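> Structure incoming, see below.
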Amino acid sequence: MEENKIKPAENIVIIGGSAGSLDIILKIVPGLQQINAAIIMVLHRKSSSDTILVDLLTVKTKLKVKEAEEKEMIVAGCIYIAPADYHLLIEKDCTFSLDVSEKINYSRPSIDVTFESASEVYGPHLTGILLSGANADGADGLGAIKQNNGICIAQDPSTAEVPYMPQYAIDHVAIDHILTAEQIKDYINNIV
Amino acid sequence: MLETQMVSDGEMELLISDILSIYGYDFTDYSKASLKRRLNRIYMLDKFPSFAEFRYRIKNDAAYFSRFVEEITVNVTEMFRDPSFYKTLKEEVLPVLATKPLIRIWHAGCSTGEEVYSMAIMLEEANLLQKSLLYATDLNPSVLERLKKGIFPLSQMKQYSENYILSGGRNEFSKYYRAKYDLAKFDENLQKKMIVSTHNLVSDRSFNEFQLILCRNVLIYFDKPLQDKALALFDESLENLGFLALGAKENLKFSPVARKYKQLANKEKIWRKTR
Ligand SMILES: C[S@@+](CC[C@H](N)C(=O)[O-])C[C@H]1O[C@@H](n2cnc3c(N)ncnc32)[C@H](O)[C@@H]1O
């Protein structure tokens, strides 16, 4: 049976971004190699732009890029985009679930929600990366990742179009690494 | 605000089994990540000092339990949510329903009813409301009380009016409600054909045959086997050639009933029963 061969990803990287993050994502994604992790992107944006983002990234990488679907198993080497207007959660069996509950930090999807739910499942095998933005979303979630022994990365605020979001996280959480786009790319490529 | 690790997985299982044996609501097969988040949220909102007190209150205070159900189920809804979905209903489904002598529609998991009022407005504009019955059900009695009032926050009307226009509505949206302070009370004519009742998709049976069933943004809270069970219930409750509408991110494609259904050509989440 085909299905039995598919195994959930052992490591995941969740990238949270808001205003000004698309530019840096477009710097990171083309340099990614076949990696031993799944990448999940939770980005604040207008509800209608789902397929646009998937299309935009698809042409920049050999990795598979797709919208995260509910009940889908998370596999390595794939880039998942959280759909607009839903919170994205991770279940114990390494599948996604979606939720339309209230916005958090004025946002749905909220980066905190995905960071927090993933941190319980993936513990030390989770890296949370917070990029440019004008919002405090993501900081509490990084706190949860830290508490569960995962790794926290913030974009170097001096390289961010809107430094507020990574700076807010740096001020509130013991961030492991403060990195530029280039360094974030290298970090992901080196996950084993 | 650290929300994680307040109610543990084991404690969640305890609550689920308490609630099933005392109140008969079965949350066993719900998606756990979301349920746990909701449990932690109400635990924090209501400032319980310990899990033991939380559990005691749920078990022994029926009035509190009804608040609890309202908070752990997600009731967020909108009028004309996903306007392109409503546009498709209007252009492709209503003309088929129009040929029937009596139209029966079921809104399963309708929450506070914004979706049902949207449908009533569309039927009214197509001159079909007179011969329609809109069954509005949810497991939670408190949201249904709000549905019966037909009163929604005035602050939402700008968004709803935009959605309405994008869905192809051609009237002035404000003609459907009267504003009073910060509330909008919808036209009582829209309510006349609504039949409101509690119904739990986990434990209650099929109760009629419909030409259109809408169950949007409810299945995302169920695990796969429970989704399949609910879909079988809808299948049983749907006339041949009837329509089944799901939420924007829900899908029929991997369920056992899928082979009987064909999705409409434009990829909206509407399927037609073909046998
Ligand atoms: C997010 S709301 C969806 C409202 C509306 N259909 C929409 O899409 O905007 C989900 C609703 O499903 C209801 N629900 C959850 N479990 C249910 C069950 N087992 N049976 C019936 N309704 C249920 C909840 O009470 C809530 O009102």
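Taken in order, these protein sequences are the chains called G and U.
If you read the first sequence in this note's numbering, its first letter stands for residue 198, the second for the next number, and so on.
If you read the second sequence in this note's numbering, its first letter stands for residue 252, the second for the next number, and so on.
Even for Gly, the Cβ is constructed at its ideal location relative to N, Cα and C.
Just so we're clear, the structure is a prediction, and the values are computed from it rather than from any experiment.
Excluding the 5 residues flanking Pro-227/G on each side, which residues of the same chain have their C-beta closer than 7 Å to its C-beta?
Cβ neighbours of Pro-227/G beyond the five flanking positions: Lys-257 and Thr-258.
> According to a CB-to-CB cut-off of less than 9 Å, which residues of the region 277-288 of chain U neighbour chain G?
Within the region 277-288 of chain U, the qualifying residues are Ser-282, Lys-283, Ala-284, Ser-285, Lys-287 and Arg-288.
> Can Lys-382/U and Pro-352/U be called in contact, C-beta distance under 8 Å?
In this structure, Pro-352/U lies closer than 8 Å to Lys-382/U by Cβ.
> Enumerate in chain order the residues of its own chain whose CB-to-CB distance from Asp-353/G is below 7 Å, with the five nearest sequence positions on each side excluded.
Excluding residues within five positions, the ones whose Cβ falls inside 7 Å are Ile-375, Leu-376 and Thr-377.
> In chain order, what are the residue ranges of uninterrupted beta strand (DSSP E) at least 3 long that sit wholly in the region 495-524 of chain U?
You should have 512-514 and 521-524.
> Under 7 Å from any heavy atom of ligand 1, does the C-beta of Asn-391/U make it?
Asn-391/U Cβ: within cutoff of ligand 1.
> Can you check which of these residues, Ser-506/U, Arg-510/U, Gln-514/U and Ile-471/U, is closest to Lys-500/U by C-alpha distance?
When only C-alpha atoms are compared, the closest one is Ile-471/U.
> Hey, could you find the ends of the alpha helix (DSSP H) Phe-230/U is sitting in?
There is no way to answer for residue 230/U, as the model of chain U reaches only from 252 to 526.
> Can you find the residues in the same chain that come closer than 8 Å, C-beta to C-beta, to Arg-242/G, ignoring five residues on each side of it along the sequence?
Hits under 8 Å: Leu-250 and Ala-281.
> With distances taken Cα to Cα, identify the nearest neighbour of Gly-325/G among Ser-355/G, Val-389/G and Gly-347/G.
Ranking the options by Cα distance to Gly-325/G, first place goes to Gly-347/G.
> Measure the C-alpha to C-alpha separation of Val-447/U and Cys-291/G and round it to an integer number of angstroms.
For Val-447/U and Cys-291/G, the distance between alpha carbons rounds to 38 Å.
> Taking Val-318/G and Lys-343/G to be in contact with their CB atoms under 8 Å, please state how far apart those CB atoms are, rounded to whole angstroms.
With 8 Å as the limit, Val-318/G and Lys-343/G do not qualify as a contact, their Cβ atoms being about 16 Å apart.
> Got a sec: does ligand 1 put a non-hydrogen atom nearer than 7 Å to the Cβ of Gly-274/G?
No, since every heavy atom of ligand 1 falls outside the 7 Å radius drawn around the Cβ of Gly-274/G.
> Among Val-367/U, Val-327/U and Gly-360/U, which has the Cα closest to the Cα of Val-297/G?
Cα-wise, what sits closest to Val-297/G is Val-327/U.
> For Cys-349/G, which beta-bridge partners are listed by DSSP?
Per DSSP, Gly-325/G.
> Taking all protein chains shown into account, do 16 or more other C-beta atoms lie within 10 angstroms of the C-beta of Tyr-307/U, making it buried, or fewer, making it exposed?
Label assigned to Tyr-307/U: exposed.
> Starting from Pro-363/G, trace the alpha helix (DSSP H) both ways and give me its first and last residue.
Residues 361-369.
> Quick one: is Asn-517/U near chain G, going by C-beta distance under 8 Å?
With 8 Å as the cut-off, Asn-517/U does not count as an interface residue toward chain G.
> Between the Cα of Tyr-432/U and those of Leu-417/U, Ser-406/U and Gly-419/U, spot the shortest distance and give me the residue it belongs to.
Ranking Leu-417/U, Ser-406/U and Gly-419/U by Cα distance to Tyr-432/U puts Ser-406/U first.
> Taking the alpha helix (DSSP H) that Ser-335/U belongs to, which residues open and close that run?
Element bounds for Ser-335/U: 334-339.
> If we call anything under 8 Å between Cβ atoms a contact, is Phe-494/U one with Leu-463/U?
Contact flag set, yes.
> Is Tyr-365/G close to chain U? Criterion is C-beta to C-beta, closer than 8 Å.
It does not; no Cβ of chain U falls within 8 Å.
> Taking only beta-carbon positions, decide if Leu-325/U is within less than 8 Å of chain G.
Position check: residue 325/U holds Val in this sequence, whereas Leu was assumed. Yes, because at least one Cβ of chain G sits closer than 8 Å to the Cβ of Val-325/U.
> Got a sec? Which residues, its chain only, sit under 6 Å from Tyr-541/U by beta carbon, not counting five neighbours each side?
For residue 541/U there is no data in the structure shown, the boundaries of chain U being 252 and 526.
> Comparing the C-beta of Asn-391/U with each C-beta of chain G, is any distance below 8 Å?
It does not; no Cβ of chain G falls within 8 Å.
> Name the chain U residues whose beta carbon is nearer than 7 Å to that of Ile-287/G?
Simply Ala-284.
> Tyr-283/G CB to nearest chain U CB: under 8 Å?
True, the Cβ-Cβ gap to chain U drops below 8 Å.
> Would Met-238/G pass as a contact of Ile-276/G if the rule is Cβ separation under 8 Å?
Closer than 8 Å, so yes.
> Check distances from the C-beta atoms of the region 457-488 of chain U to those of chain G and list, in chain order, the residues that come in under 9 Å.
Residues passing the 9 Å Cβ filter: Asn-468, Leu-470, Ile-471, Tyr-472, Asp-474, Lys-475 and Gln-478.
> Give the list of continuous alpha helix (DSSP H) stretches no shorter than 4 residues that lie fully inside the region 404-485 of chain U.
DSSP runs (the alpha helix (DSSP H)) wholly in the region 404-485 of chain U: 408-417.
> Note down the Cα distance separating Lys-197/G from Lys-409/U, rounded to an integer number of angstroms.
Missing from the structure shown is residue 197/G; chain G here goes from 198 to 389 and no further.
> If we ignore side chains and look at the alpha-carbon of each, how far apart do Tyr-365/G and Gly-338/G end up?
If I take the Cα positions, the gap works out to 12 Å.
> Which residues, in order along the region 493-510 of chain U, keep a beta-carbon less than 9 Å from a beta-carbon of chain G?
Of all residues in the region 493-510 of chain U, Gly-498, Ala-499, Lys-500, Glu-501, Asn-502 and Phe-505 have a Cβ within less than 9 Å of some Cβ in chain G.
> Keeping to the same chain, check which residues put their C-beta closer than 6 Å to that of Leu-295/G; ignore five residues upstream and five downstream.
Taken in chain order, the residues that qualify are Glu-267 and Tyr-283.
> Do Phe-473/U and Asn-260/U come within 8 Å of each other at the CB atom, strictly closer than that value?
The amino acid at residue 260/U is misidentified as Asn; the sequence shows Asp. In this structure, Phe-473/U does not lie closer than 8 Å to Asp-260/U by Cβ.
> Which same chain residues, not among the five before or five after Ile-293/U, have their C-beta less than 7 Å away from its C-beta?
For Ile-293/U, where only same-chain residues beyond five positions count, the Cβ hits under 7 Å are Phe-319, Glu-322 and Ile-323.
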